[in-house]
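Chemist:
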Amino acid sequence: MGYELHPPCAESKSVRYGIMKRGKGASHFDPIYRTGELLGDAWSWMILREAIFDGATRFGEFQERLAISPKVLTARLGMLSEGGLFERHMLEGRGAPVEYRLTDMGRDFASCLLSAMRWGLRWQETKARSRHRTVVSHERCGHPFVAEFRCSHCREPVRSRDVGVVSMHRASADLIGHKRQRMPDLDVIDRSGTCPIAYTLRVIGDRWSSLVIRECFLGTKRFSEFEEHLGIATNILSNRLERLVHLGVLIASPISDQRTRFAYRLTEKGHDLYGVPLALLTWGERWLARGESLTKLVHKPCGHRLRALFCCGSCGAPASFDDLAFRAR
Ligand SMILES: [Zn+2]
Ligand SMILES: [Zn+2]
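Numbering (the numbering used here), first residue to last: 176 to 504.
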């Protein structure tokens with residue numbers, strides 16, 4: 176297993192697991208949790224997909240393309256605007272509609288969408304793959320764009336098993352556990368069964384599932400450990416673990432001496448998902464950070480602190496939204 180959680184000896188267990196009283200400042204910054212808090216749920220990803228891939232800017236365009244309820248759409252556009260991913264612009268004329276224009280922060284979310292897309296394209300059914308509609312290319316090299324993260328120090332692609340955890344700050348388990356986190360209807364989002372991003376969102380599109388997956392990457396295996404680290408209710412945890420096993424992301428194996436207990440491990444499909452939490456972490460640290468993030472990862476092959484660079488998998492060069500061309504098929 177590539178993940179080790181090195182317990183910082185000097186710190187108490189409660190600090191290690193981020194179970195601290197709420198307060199201000201960098202010591203409480205958990206980029207993945209904050210990103211989840213900002214986005215809400217999978218609908219926000221789909222709204223951003225329409226804006227980034229297809230240039231949608233108006234309420235009606237989002238509604239028509241996503242067949243989303245007006246109430247949910249209003250709430251999500253409000254959240255994303257307040258969070259700084261969209262800027263609202265009034266168009267000329269009385270009663271004219273508002274345009275939602277992406278900010279730099281919003282455009283940069285392309286790295287998260289493209290990481291989700293890469294995984295979806297790799298793992299969804301072949302038939303669905305051939306029908307998917309947007310082709311993304313890297314203008315600098317002219318090749319199809321496949322998201323890849325590289326280590327900023329040695330420039331090698333980052334694989335989940337090559338990353339170690341030096342320190343990790345989790346949002347307070349109390350805080351997470353008390354938040355109402357209803358599961359969005361992920362089947363509705365993936366209705367057409369052809370969008371690779373929607374396919375990935377079936378796995379990570381609700382907040383509990385994404386936090387459970389993050390725990391797996393940190394080396395958590397047992398039910399009781401997930402419960403302790405997340406402050407999650409037993410029934411919700413069983414449901415999410417079962418679902419992730421069903422989706423082929425986790426495998427449950429009985430713990431030798433206790434037949435009723437299981438250890439949960441990432442499958443190959445699960446390990447390959449690593450780019451998505453890494454994209455969220457990188458994006459969150461860039462745009463939401465207040466001070467230094469306490470999440471410190473190390474790239475084992477070169478031994479340096481991991482700072483992930485979003486790159487083109489075809490030519491290996493660092494990529495940004497401006498280098499990409501989105502073309503509807
Ligand atoms: Zn490296
Ligand atoms: Zn390229």
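Here a beta-carbon is modelled for each residue, glycine too, at the ideal position from N, C-alpha and C. In this text the structure is predicted, and so the values were computed from the model without any measurement.
State the DSSP-derived secondary structure class of VAL420, mapped to helix, strand or coil.
Modeler: In the three-state DSSP reduction, VAL420 falls in the helix class (H, G or I).
Chemist: In angstroms, rounded to a whole number, what distance separates the CA positions of SER489 and CYS316?
Modeler: 8 Å
Chemist: Kindly identify the DSSP beta-bridge partner or partners of HIS404.
Modeler: DSSP lists no partner for HIS404.
Chemist: Going by DSSP in three states, PRO319 sits in which element: helix, strand or coil?
Modeler: strand
Chemist: Within its chain, find whatever has a CB closer than 8 Å to the CB of LEU266; leave out the 5 residues flanking it on each side and keep chain order.
Modeler: PRO272, VAL273 and GLU274
Chemist: Write down every uninterrupted run of the beta strand (DSSP E) in the stretch 220-280 whose length is 3 residues or greater and which is fully enclosed by it, in chain order.
Modeler: With a minimum length of 3 residues, the continuous beta strand (DSSP E) runs that stay inside the stretch 220-280 are 261-265 and 273-277.
Chemist: By Cβ distance below 6 Å, which residues in the same chain neighbour ARG325 in space, the five residues on each side in sequence not counted?
Modeler: PRO332, LEU484 and CYS486
Chemist: In angstroms, rounded to a whole number, what distance separates the CA positions of ALA250 and PRO429?
Modeler: 43 Å
Chemist: Put ARG325 into one of helix, strand or coil per three-state DSSP.
Modeler: strand
Chemist: Could you say which of SER431, GLU443 and SER399 lies nearest to VAL420 if we only look at CA atoms?
Modeler: GLU443
Chemist: Is any heavy atom of ligand 1 found at a distance shorter than 7 Å from the C-beta of GLU323?
Modeler: no
Chemist: Let me check you understand the geometry: is the CB of GLU474 closer than 7 Å to at least one non-hydrogen atom of ligand 1?
Modeler: It is worth fixing the name first, because residue 474 is His in this sequence and not Glu. Proximity of the beta carbon of HIS474 to ligand 1 is indicated: a heavy atom of the ligand is located closer than 7 Å.
Chemist: Output the residues surrounding ligand 2, defined as those with a CB atom closer than 6 Å to any ligand heavy atom, in chain order.
Modeler: HIS313, ARG315, CYS316, HIS318, CYS487, SER489, CYS490 and ALA492
Chemist: Below 7 Å CB to CB, which residues in the same chain sit around SER495 once its five sequence neighbours on both sides are set aside?
Modeler: none
Chemist: Let me know the secondary structure DSSP gives THR409 once reduced to three states.
Modeler: helix
Chemist: Any heavy atom of ligand 1 closer than 7 Å to the CB of HIS404?
Modeler: no
Chemist: Taking the straight line between their C-alpha atoms, what separation do you get for PRO206 and LEU386?
Modeler: 12 Å
Chemist: Buried or exposed for ALA291, please, with buried defined as at least 16 other CB atoms from any protein chain shown within 10 angstroms of its CB.
Modeler: Its Cβ being crowded by 16 or more others within 10 Å, ALA291 is buried.
Chemist: Applying the criterion that 16 or more other CB atoms from any shown protein chain within 10 Å of the CB defines a buried residue, is GLU257 buried or exposed?
Modeler: GLU257 counts as exposed, since fewer than 16 other C-beta atoms from the protein chains shown sit within 10 angstroms of its C-beta.
Chemist: Strictly by DSSP, which residues pair up with GLY339?
Modeler: VAL473
Chemist: Give me the Cβ distance between ARG224 and ILE364, rounded to the nearest whole Å; I'm assuming they're in contact under 8 Å.
Modeler: With 8 Å as the limit, ARG224 and ILE364 do not qualify as a contact, their Cβ atoms being about 10 Å apart.
Chemist: On the DSSP letters alone, give me the boundaries of the alpha helix (DSSP H) that PRO206 sits inside.
Modeler: Segment 206-214, the alpha helix (DSSP H) holding PRO206.
Chemist: With distance defined between alpha-carbon atoms, name the residue in GLY253, SER219 and PHE501 nearest to LEU376.
Modeler: SER219
Chemist: With a threshold of 6 Å on Cβ separation, who are the neighbours of MET254 within its own chain once the five nearest residues in sequence on each side are excluded?
Modeler: GLY215
Chemist: If you follow the alpha helix (DSSP H) that SER489 is part of, which residue opens it and which one closes it?
Modeler: Looking at the DSSP string, SER489 is not in any alpha helix (DSSP H), and its letter there is neither H nor E.
Chemist: How many Å lie between ALA285 and ILE227 at the Cα?
Modeler: 7 Å
Chemist: Could you check if HIS318 is buried or exposed, using at least 16 other CB atoms within 10 Å of its CB as the buried criterion?
Modeler: Flag for HIS318 reads exposed.
Chemist: Excluding the 5 residues preceding and the 5 following THR395 in the sequence, name in chain order all residues of the same chain whose CB lies nearer than 7 Å to its CB.
Modeler: The beta carbon of THR395 sits closer than 7 Å to those of PHE401 and HIS404, all from its chain and outside the five residues before and after it, given in chain order.
Chemist: Measure the alpha-carbon distance for VAL473 versus SER413 and round it to whole angstroms.
Modeler: 31 Å
Chemist: Around the C-beta of PRO452, are 16 or more other C-beta atoms found within 10 angstroms, so that it is buried, or is it exposed?
Modeler: buried
Chemist: Quick one: grab the DSSP three-state call for HIS479.
Modeler: Three-state DSSP puts HIS479 in a strand.
Chemist: Alpha carbon to alpha carbon, how far is ALA464 from LEU213?
Modeler: In this structure, the straight-line span from the alpha carbon of ALA464 to that of LEU213 is close to 13 Å.
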